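What follows is the structure, encoded as structure tokens:
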């Protein structure tokens, strides 16, 4: 994991261009791999594809794996695991004493290129992301295939889509970015009017994709990575903290 220094930013869907505050946190350098998820399902058999409850994962869950406890020879253990439901991703992170990132955390890190914290106004950067999104079957590639961004994080774009904790809570009307109780607002059509950057098509694609899925969906190009809160040193007696 690497440390992400918090700050403020204006998300694609803001309220009167209000800035969102993101606190310091740790993020996985890479998406979770088939190898890591294989260890997980062996330790927690209820998340194997022949045992998981359909309430928590649809029929596509791990359907590219050869067996419940083996991805098979055609799938690299170093490739990001996909066909994972939100429930499975959330539980995996919790078992690592971590959690899924919020949308704001994910987007905050994803707006960085190799040298800048925020490259969203760079048209060539956004075009590069769009070209990656159009490339088929990238989820078969191994982790580390895309650039290392400002924070030291790889594969935020161009490898797989990634689950976030609050994945379907942002496609809302311009009235308020946080009025999540109103189901009729959870659609990209009503939300577009509230976007602060109508030219950021790459971000529109991410938000639209997130709003189109449900928590038990398992999609062939959808993976995840974990984050972790940074503990207050005053509450921890140990002076040594390893970031693994």
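In UniProt numbering, the protein residues as written are 1 to 244. A virtual CB, placed ideally from N, CA and C, is assigned to each residue, including glycine. All values reported here derive from a predicted model rather than from experimental measurement.
Within 9 Å, strictly: CB atoms of residue i and residue j
{"i": "residue 80", "j": "residue 149", "result": "no"}
{"i": "residue 216", "j": "residue 87", "result": "yes"}
{"i": "residue 10", "j": "residue 25", "result": "no"}
{"i": "residue 205", "j": "residue 159", "result": "no"}
{"i": "residue 97", "j": "residue 214", "result": "no"}
{"i": "residue 254", "j": "residue 152", "result": "Residue numbering for the chain in the displayed model covers 1 to 244; residue 254 lies beyond these limits and cannot be assessed."}
{"i": "residue 91", "j": "residue 133", "result": "no"}
{"i": "residue 157", "j": "residue 218", "result": "no"}
Neighbourhood of residue i by C-beta, 6 Å cutoff - its chain only, sequence neighbours within 5 removed
{"i": "residue 63", "result": "83"}
{"i": "residue 122", "result": "none"}
{"i": "residue 71", "result": "34 and 65"}
N-terminal and C-terminal residue of the beta strand (DSSP E) that residue i is part of
{"i": "residue 9", "result": "7–9"}
{"i": "residue 229", "result": "227–229"}
Cutoff 7 Å; reference residue i; Cβ partners in own chain excluding five residues on either side
{"i": "residue 247", "result": "With the chain running from 1 to 244 in the structure shown, residue 247 is simply not present."}
{"i": "residue 105", "result": "22, 25 and 227"}
Unbroken alpha helix (DSSP H) run spanning residue i, endpoints
{"i": "residue 90", "result": "86–95"}
{"i": "residue 3", "result": "First-last for residue 3: 2–4, but that is the beta strand (DSSP E), not the alpha helix (DSSP H)."}
{"i": "residue 214", "result": "Element bounds for residue 214: n/a, residue is neither H nor E."}
{"i": "residue 130", "result": "123–133"}
{"i": "residue 103", "result": "103–110"}
Own chain, CB closer than 8 Å to residue i, minus 5 neighbours either side, in chain order
{"i": "residue 69", "result": "38, 41, 42 and 48"}
Whole-angstrom C-beta distance between residue j and residue i, which should lie under 8 Å
{"i": "residue 165", "j": "residue 99", "result": "7 Å"}
{"i": "residue 12", "j": "residue 200", "result": "6 Å"}
{"i": "residue 208", "j": "residue 163", "result": "With 8 Å as the limit, residue 208 and residue 163 do not qualify as a contact, their Cβ atoms being about 15 Å apart."}
- Item | Contained beta strand (DSSP E) runs [length at least 3] in the stretch 18–82, N- to C-terminal order | Counting whole runs of 3 or more residues, the stretch 18–82 contains the beta strand (DSSP E) stretches 20–22 and 25–27.
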